[in-house]
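One structure below.
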Amino acid sequence: MINITHLRHISLLTPNMTEQAEFYDGIWGLDKVFEDVESVYFRGEGPEHHILNLKSSEKRGLHHLAFGMVDKNAVDQAAETLASLDIQIIQPPGYLDEAGTGYGLRFLDPEGRCIELSAWVEIHTTEWSKKNVDPVKLNHVVLNTVDIDKMVDFYTKVLGFKVSDWSEHQMAFLRCNKNHHSIAFNQGKHASVNHIAYEVSNVDEVMRGIANVRNAGLEELWGPGRHGPGNNVFCYFQDPAGFVMEYTCYLVTIEDESEWEALVWKRVPHLIDRWGVAGPPSPEARAAMAGEPDEGWAVSAGWNPKSRLDEDGL
(Lines of atoms letter the chains of each structure in order from A and count residues from 1; the text may use other names and numbers.)
(Lines give C-alpha, C1' and ligand atoms only; values in the text may rest on other atoms or scores of the structure.)
Protein backbone atom coordinates (compact mmCIF):
# COMPACT_ATOMS: atom_id res chain seq x y z
CA MET A 1 0.00 0.00 0.00
CA ILE A 2 1.23 3.49 -0.87
CA ASN A 3 1.23 5.75 2.21
CA ILE A 4 0.51 9.37 1.33
CA THR A 5 0.81 11.88 4.16
CA HIS A 6 -0.87 15.03 2.83
CA LEU A 7 -1.88 17.19 -0.10
CA ARG A 8 1.11 19.33 -1.03
CA HIS A 9 0.42 21.58 -4.05
CA ILE A 10 -1.37 21.94 -7.35
CA SER A 11 0.18 23.02 -10.65
CA LEU A 12 -2.12 24.64 -13.20
CA LEU A 13 -1.74 25.54 -16.87
CA THR A 14 -2.96 29.03 -17.70
CA PRO A 15 -3.14 31.12 -20.87
CA ASN A 16 -3.03 34.45 -18.99
CA MET A 17 -0.12 34.10 -16.62
CA THR A 18 0.35 37.78 -15.74
CA GLU A 19 -3.25 38.41 -14.71
CA GLN A 20 -3.39 35.09 -12.85
CA ALA A 21 -0.21 35.83 -10.89
CA GLU A 22 -1.38 39.33 -9.95
CA PHE A 23 -4.67 37.93 -8.67
CA TYR A 24 -3.13 35.32 -6.36
CA ASP A 25 -0.38 37.62 -5.12
CA GLY A 26 -2.38 40.83 -4.79
CA ILE A 27 -5.93 39.72 -3.96
CA TRP A 28 -6.10 36.08 -2.87
CA GLY A 29 -3.44 36.38 -0.18
CA LEU A 30 -0.64 34.09 -1.36
CA ASP A 31 3.02 35.09 -1.54
CA LYS A 32 5.11 34.70 -4.67
CA VAL A 33 8.25 32.70 -3.84
CA PHE A 34 9.80 32.06 -7.24
CA GLU A 35 9.22 32.84 -10.91
CA ASP A 36 10.87 32.39 -14.26
CA VAL A 37 9.71 32.92 -17.83
CA GLU A 38 7.33 29.93 -17.74
CA SER A 39 6.27 29.43 -14.10
CA VAL A 40 5.25 31.24 -10.92
CA TYR A 41 5.19 29.58 -7.49
CA PHE A 42 3.13 30.74 -4.52
CA ARG A 43 3.26 29.82 -0.85
CA GLY A 44 0.71 30.05 1.93
CA GLU A 45 1.20 30.80 5.62
CA GLY A 46 2.12 27.16 6.31
CA PRO A 47 5.55 25.54 5.91
CA GLU A 48 5.06 24.08 2.41
CA HIS A 49 7.48 25.57 -0.10
CA HIS A 50 4.56 26.28 -2.44
CA ILE A 51 0.91 25.33 -2.63
CA LEU A 52 0.19 26.72 -6.10
CA ASN A 53 2.24 26.70 -9.29
CA LEU A 54 1.09 28.42 -12.46
CA LYS A 55 2.57 27.40 -15.80
CA SER A 56 2.13 29.34 -19.02
CA SER A 57 0.14 27.46 -21.66
CA GLU A 58 -2.17 28.10 -24.60
CA LYS A 59 -4.98 26.23 -22.82
CA ARG A 60 -5.92 26.00 -19.16
CA GLY A 61 -5.81 22.67 -17.38
CA LEU A 62 -4.13 20.58 -14.70
CA HIS A 63 -0.38 20.13 -14.98
CA HIS A 64 0.01 17.98 -11.88
CA LEU A 65 -1.27 17.41 -8.37
CA ALA A 66 1.30 16.74 -5.65
CA PHE A 67 1.05 14.68 -2.47
CA GLY A 68 3.62 14.29 0.30
CA MET A 69 5.35 11.16 1.51
CA VAL A 70 7.43 10.47 4.61
CA ASP A 71 10.85 10.03 3.00
CA LYS A 72 12.86 8.86 -0.01
CA ASN A 73 12.27 5.19 0.81
CA ALA A 74 8.51 5.73 0.70
CA VAL A 75 8.83 7.29 -2.78
CA ASP A 76 10.99 4.40 -4.00
CA GLN A 77 8.55 1.84 -2.60
CA ALA A 78 5.66 3.68 -4.25
CA ALA A 79 7.49 3.41 -7.57
CA GLU A 80 7.83 -0.35 -7.12
CA THR A 81 4.13 -0.69 -6.34
CA LEU A 82 3.09 1.38 -9.34
CA ALA A 83 5.45 -0.50 -11.66
CA SER A 84 4.10 -3.87 -10.44
CA LEU A 85 0.64 -2.71 -11.57
CA ASP A 86 1.93 -1.46 -14.95
CA ILE A 87 0.89 2.08 -14.06
CA GLN A 88 2.52 4.66 -16.30
CA ILE A 89 5.40 6.36 -14.47
CA ILE A 90 6.35 9.42 -16.50
CA GLN A 91 9.12 10.63 -14.18
CA PRO A 92 10.95 7.93 -12.21
CA PRO A 93 12.13 8.55 -8.62
CA GLY A 94 14.74 11.27 -8.44
CA TYR A 95 15.37 14.85 -7.42
CA LEU A 96 12.65 17.07 -8.82
CA ASP A 97 13.34 19.88 -11.26
CA GLU A 98 10.98 22.43 -9.71
CA ALA A 99 11.15 25.18 -7.10
CA GLY A 100 11.49 23.61 -3.66
CA THR A 101 13.17 20.58 -5.27
CA GLY A 102 12.61 17.46 -3.17
CA TYR A 103 12.74 13.80 -4.15
CA GLY A 104 9.80 12.34 -5.99
CA LEU A 105 8.13 10.71 -8.95
CA ARG A 106 5.23 11.39 -11.28
CA PHE A 107 2.72 8.98 -12.78
CA LEU A 108 -0.60 9.04 -14.64
CA ASP A 109 -3.86 8.05 -13.00
CA PRO A 110 -6.49 6.15 -15.05
CA GLU A 111 -7.86 9.38 -16.56
CA GLY A 112 -4.46 10.74 -17.56
CA ARG A 113 -3.91 13.15 -14.63
CA CYS A 114 -0.31 13.64 -13.64
CA ILE A 115 0.19 12.86 -9.94
CA GLU A 116 3.38 13.69 -8.06
CA LEU A 117 4.54 11.91 -4.89
CA SER A 118 7.38 13.66 -3.11
CA ALA A 119 9.46 13.94 0.05
CA TRP A 120 12.25 16.18 1.34
CA VAL A 121 10.79 19.27 -0.29
CA GLU A 122 12.15 22.52 1.15
CA ILE A 123 10.02 24.11 3.85
CA HIS A 124 9.65 27.75 4.82
CA THR A 125 11.13 28.74 8.16
CA THR A 126 10.88 32.51 7.69
CA GLU A 127 8.08 34.38 9.42
CA TRP A 128 4.93 34.93 7.38
CA SER A 129 4.00 38.54 6.63
CA LYS A 130 0.43 38.77 7.99
CA LYS A 131 -2.34 40.14 5.80
CA ASN A 132 -6.05 40.49 6.47
CA VAL A 133 -6.52 37.05 4.88
CA ASP A 134 -3.82 34.38 5.12
CA PRO A 135 -4.39 31.13 3.24
CA VAL A 136 -2.50 28.50 5.23
CA LYS A 137 -2.39 25.55 2.89
CA LEU A 138 -4.17 23.64 0.18
CA ASN A 139 -7.10 22.06 2.00
CA HIS A 140 -8.56 19.92 -0.79
CA VAL A 141 -8.97 19.61 -4.54
CA VAL A 142 -12.12 18.34 -6.25
CA LEU A 143 -11.79 16.72 -9.65
CA ASN A 144 -14.47 15.93 -12.22
CA THR A 145 -14.46 12.38 -13.56
CA VAL A 146 -16.37 10.38 -16.15
CA ASP A 147 -16.21 7.24 -13.96
CA ILE A 148 -16.43 7.95 -10.23
CA ASP A 149 -16.32 4.28 -9.19
CA LYS A 150 -13.16 3.61 -11.19
CA MET A 151 -11.40 6.64 -9.70
CA VAL A 152 -12.46 5.82 -6.14
CA ASP A 153 -11.19 2.26 -6.60
CA PHE A 154 -7.84 3.49 -7.89
CA TYR A 155 -7.25 6.11 -5.22
CA THR A 156 -8.30 3.80 -2.38
CA LYS A 157 -6.89 0.46 -3.47
CA VAL A 158 -3.66 1.72 -5.08
CA LEU A 159 -2.90 5.03 -3.34
CA GLY A 160 -4.29 4.17 0.09
CA PHE A 161 -6.99 6.85 0.44
CA LYS A 162 -10.12 6.12 2.47
CA VAL A 163 -13.69 7.11 1.65
CA SER A 164 -14.99 9.57 4.25
CA ASP A 165 -18.44 10.20 2.78
CA TRP A 166 -20.51 10.16 -0.38
CA SER A 167 -22.88 12.79 -1.72
CA GLU A 168 -25.33 10.28 -3.18
CA HIS A 169 -23.48 8.72 -6.13
CA GLN A 170 -22.41 12.14 -7.40
CA MET A 171 -19.40 12.93 -5.20
CA ALA A 172 -16.92 10.88 -3.18
CA PHE A 173 -14.79 12.47 -0.45
CA LEU A 174 -11.41 10.79 0.13
CA ARG A 175 -8.88 11.26 2.93
CA CYS A 176 -5.19 10.46 3.33
CA ASN A 177 -4.88 11.73 6.92
CA LYS A 178 -7.20 13.06 9.64
CA ASN A 179 -8.73 15.71 7.38
CA HIS A 180 -12.17 14.67 6.15
CA HIS A 181 -11.01 14.95 2.55
CA SER A 182 -7.90 16.03 0.71
CA ILE A 183 -9.35 15.07 -2.65
CA ALA A 184 -12.85 14.45 -3.92
CA PHE A 185 -14.31 13.23 -7.19
CA ASN A 186 -17.44 14.58 -8.84
CA GLN A 187 -19.22 12.58 -11.55
CA GLY A 188 -19.28 14.67 -14.70
CA LYS A 189 -19.19 14.58 -18.48
CA HIS A 190 -15.41 14.89 -18.71
CA ALA A 191 -12.25 14.96 -16.61
CA SER A 192 -11.30 18.42 -15.33
CA VAL A 193 -10.56 20.45 -12.22
CA ASN A 194 -13.80 21.18 -10.35
CA HIS A 195 -12.39 23.49 -7.67
CA ILE A 196 -9.38 24.14 -5.45
CA ALA A 197 -9.86 24.89 -1.74
CA TYR A 198 -7.47 27.03 0.28
CA GLU A 199 -7.66 26.77 4.06
CA VAL A 200 -7.86 29.88 6.23
CA SER A 201 -7.91 29.99 10.01
CA ASN A 202 -11.50 30.97 10.73
CA VAL A 203 -14.77 32.32 9.38
CA ASP A 204 -13.61 35.91 9.93
CA GLU A 205 -10.88 35.36 7.36
CA VAL A 206 -13.38 33.84 4.93
CA MET A 207 -15.45 37.01 5.23
CA ARG A 208 -12.42 39.29 4.86
CA GLY A 209 -11.44 37.30 1.78
CA ILE A 210 -14.87 37.97 0.31
CA ALA A 211 -14.37 41.66 0.98
CA ASN A 212 -10.94 41.60 -0.73
CA VAL A 213 -12.39 40.04 -3.87
CA ARG A 214 -15.33 42.44 -3.91
CA ASN A 215 -13.02 45.42 -3.45
CA ALA A 216 -11.14 44.23 -6.54
CA GLY A 217 -14.37 44.51 -8.53
CA LEU A 218 -15.21 40.78 -8.55
CA GLU A 219 -18.04 38.81 -6.97
CA GLU A 220 -18.21 35.50 -5.20
CA LEU A 221 -19.47 32.59 -7.31
CA TRP A 222 -21.21 30.67 -4.49
CA GLY A 223 -21.40 31.26 -0.76
CA PRO A 224 -20.73 31.90 1.99
CA GLY A 225 -22.28 28.78 3.47
CA ARG A 226 -21.53 25.58 5.36
CA HIS A 227 -21.42 22.15 3.72
CA GLY A 228 -22.96 18.94 5.04
CA PRO A 229 -20.18 16.47 4.15
CA GLY A 230 -17.07 17.76 5.94
CA ASN A 231 -19.06 20.47 7.79
CA ASN A 232 -16.69 23.13 6.43
CA VAL A 233 -17.42 26.80 5.87
CA PHE A 234 -17.09 27.73 2.21
CA CYS A 235 -17.12 30.53 -0.31
CA TYR A 236 -16.28 29.98 -3.99
CA PHE A 237 -14.80 32.34 -6.55
CA GLN A 238 -13.49 32.22 -10.11
CA ASP A 239 -9.97 33.33 -10.94
CA PRO A 240 -8.96 35.21 -14.13
CA ALA A 241 -8.34 31.96 -16.04
CA GLY A 242 -11.73 30.53 -15.07
CA PHE A 243 -10.59 28.06 -12.40
CA VAL A 244 -12.91 27.87 -9.40
CA MET A 245 -11.27 28.25 -6.00
CA GLU A 246 -12.59 28.32 -2.46
CA TYR A 247 -11.78 29.82 0.90
CA THR A 248 -12.61 27.22 3.55
CA CYS A 249 -12.20 26.55 7.27
CA TYR A 250 -13.34 24.20 10.02
CA LEU A 251 -13.22 21.01 7.95
CA VAL A 252 -14.00 17.96 10.09
CA THR A 253 -11.02 15.92 11.31
CA ILE A 254 -11.32 12.21 11.97
CA GLU A 255 -9.52 11.52 15.22
CA ASP A 256 -10.59 7.89 15.68
CA GLU A 257 -10.71 5.76 12.54
CA SER A 258 -12.54 2.97 14.37
CA GLU A 259 -15.43 5.30 15.17
CA TRP A 260 -15.89 6.81 11.71
CA GLU A 261 -18.53 5.47 9.34
CA ALA A 262 -18.86 6.85 5.83
CA LEU A 263 -22.33 8.24 5.15
CA VAL A 264 -24.25 8.74 1.93
CA TRP A 265 -25.57 12.31 2.10
CA LYS A 266 -28.67 13.30 0.19
CA ARG A 267 -28.18 16.12 -2.31
CA VAL A 268 -30.81 18.44 -0.88
CA PRO A 269 -30.53 22.20 -0.28
CA HIS A 270 -30.35 22.07 3.53
CA LEU A 271 -27.41 19.62 3.40
CA ILE A 272 -25.57 21.31 0.53
CA ASP A 273 -25.60 24.50 2.62
CA ARG A 274 -26.52 23.86 6.25
CA TRP A 275 -26.81 27.58 7.00
CA GLY A 276 -29.39 28.13 4.27
CA VAL A 277 -27.65 31.34 3.19
CA ALA A 278 -25.99 30.28 -0.07
CA GLY A 279 -28.36 27.49 -1.03
CA PRO A 280 -27.41 25.15 -3.89
CA PRO A 281 -24.94 26.42 -6.51
CA SER A 282 -26.44 28.37 -9.40
CA PRO A 283 -26.36 27.00 -12.97
CA GLU A 284 -23.53 29.47 -13.65
CA ALA A 285 -21.54 28.12 -10.68
CA ARG A 286 -22.09 24.53 -11.74
CA ALA A 287 -20.96 25.37 -15.28
CA ALA A 288 -17.80 27.02 -13.95
CA MET A 289 -17.01 24.00 -11.76
CA ALA A 290 -17.57 21.64 -14.69
CA GLY A 291 -14.54 23.21 -16.36
CA GLU A 292 -13.27 22.31 -19.80
CA PRO A 293 -12.43 18.75 -20.94
CA ASP A 294 -8.86 18.04 -19.83
CA GLU A 295 -7.02 14.94 -20.95
CA GLY A 296 -3.92 16.02 -19.01
CA TRP A 297 -0.78 17.71 -20.24
CA ALA A 298 1.16 14.45 -20.33
CA VAL A 299 -1.39 12.76 -22.59
CA SER A 300 -1.41 15.83 -24.83
CA ALA A 301 2.36 15.52 -25.04
CA GLY A 302 2.10 11.91 -26.20
CA TRP A 303 2.11 9.82 -23.02
CA ASN A 304 -0.31 6.90 -23.04
CA PRO A 305 -2.13 6.38 -19.71
CA LYS A 306 -3.06 2.80 -20.60
CA SER A 307 -2.18 0.33 -17.84
CA ARG A 308 -2.97 -3.23 -16.86
CA LEU A 309 -5.57 -1.86 -14.45
CA ASP A 310 -7.71 -0.79 -17.42
CA GLU A 311 -7.98 -4.41 -18.54
CA ASP A 312 -7.83 -6.40 -15.33
CA GLY A 313 -9.44 -4.02 -12.84
CA LEU A 314 -8.17 -3.69 -9.30
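Numbering (the working numbering), first residue to last: 23 to 336. Even glycine gets a Cβ: it sits at the ideal position worked out from N, Cα and C.
Practice task
Scan the region 81–158 and note each continuous alpha helix (DSSP H) run of 4 residues or more that stays entirely inside, going in chain order.
Solution key: 94–106
Practice task
Measure from the alpha carbon of residue 169 to the alpha carbon of each residue in 134, 110 and 54, then state which is nearest.
Solution key: 134
Practice task
Output the boundary residues of the beta strand (DSSP E) element that contains residue 75.
Solution key: 74–78
Problem - 8 Å contact criterion, which residue 184 and residue 178 should meet: CB distance rounded - result: 7 Å
Practice task
List the DSSP bridge partners of residue 201.
Solution key: 275
Problem - Three-way DSSP call (helix, strand, coil) for residue 299 in this model - result: coil
Practice task
List the endpoints of the continuous beta strand (DSSP E) containing residue 55.
Solution key: 53–57
Exercise for the section: Name the one or two DSSP bridge partners that residue 264 has. Expected result: Per DSSP, none; premise fails for residue 264.
Problem - residue 42 in three-state terms, based on DSSP - result: helix
Practice task
Would you identify the three-state DSSP class for residue 316, choosing helix, strand or coil?
Solution key: coil
Practice task
Can you tell me which of 265, 284 and 244 puts its alpha carbon nearest to the alpha carbon of residue 37?
Solution key: 265
Problem - C-alpha distance - residue 71 paired with residue 146, whole-angstrom precision - result: 6 Å
Problem - Top-ranked residue by Cα proximity to residue 287, from 163, 195, 130 and 115 - result: 195
Exercise for the section: Give me whichever residues DSSP pairs with residue 247 in a beta bridge. Expected result: 256
Problem - Limits of the unbroken beta strand (DSSP E) element including residue 34 - result: 28–36
Exercise for the section: Determine the direct distance from the alpha carbon of residue 73 to that of residue 237, and round the result to whole angstroms. Expected result: 24 Å
Handout entry: Per-residue DSSP class, three states only, for residue 50
Key = helix
Exercise for the section: Would you kindly check if the distance between the Cβ of residue 92 and the Cβ of residue 126 is under 7 Å? Expected result: no
Handout entry: Proximity of residue 181 and residue 49 at Cβ, strictly below 7 Å
Key = no
Exercise for the section: Look up residue 218 in the DSSP assignment and say whether it is helix, strand or coil. Expected result: strand
Problem - Cβ-heavy atom distance, residue 270 to the ligand FAD, below 6 Å - result: In terms of ligand content, the structure shown is empty, and the ligand FAD therefore cannot be addressed.
Practice task
Look at the Cβ atom of residue 307, then the Cβ atom of residue 243, and state whether they are nearer than 7 Å.
Solution key: yes
Handout entry: Contact between the region 220–239 and the region 265–278 (3+ Cβ pairs under 8 Å)
Key = yes
Problem - Alpha-carbon to alpha-carbon, residue 76 and residue 32 - result: 9 Å
Practice task
Taking residue 138 as the reference, give the member of 124, 246, 202 and 158 with the closest Cα.
Solution key: 124
Practice task
Using DSSP bridges, identify the partner residues of residue 209.
Solution key: 167
Handout entry: Cβ pair residue 129, residue 111 closer than 7 Å
Key = yes
Handout entry: residue 70 in three-state terms, based on DSSP
Key = strand
Handout entry: At least three beta-carbon pairs within less than 8 Å, the region 144–164 to the region 100–107
Key = no
Practice task
Using the DSSP secondary-structure output, state which residues sit across from residue 194 in a beta bridge.
Solution key: 188 and 207
Handout entry: Straight-line Cα distance separating residue 141 from residue 148
Key = 20 Å
Practice task
Just mark residue 297 as buried or exposed, buried being the case when its beta carbon has 16 or more other beta carbons within 10 Å.
Solution key: exposed
Practice task
Could you spell out the range, first to last residue, of the beta strand (DSSP E) harbouring residue 62?
Solution key: 61–65
Practice task
Let me know if residue 289 comes out buried or exposed under the rule of 16 or more other beta-carbons within 10 Å of its beta-carbon.
Solution key: exposed
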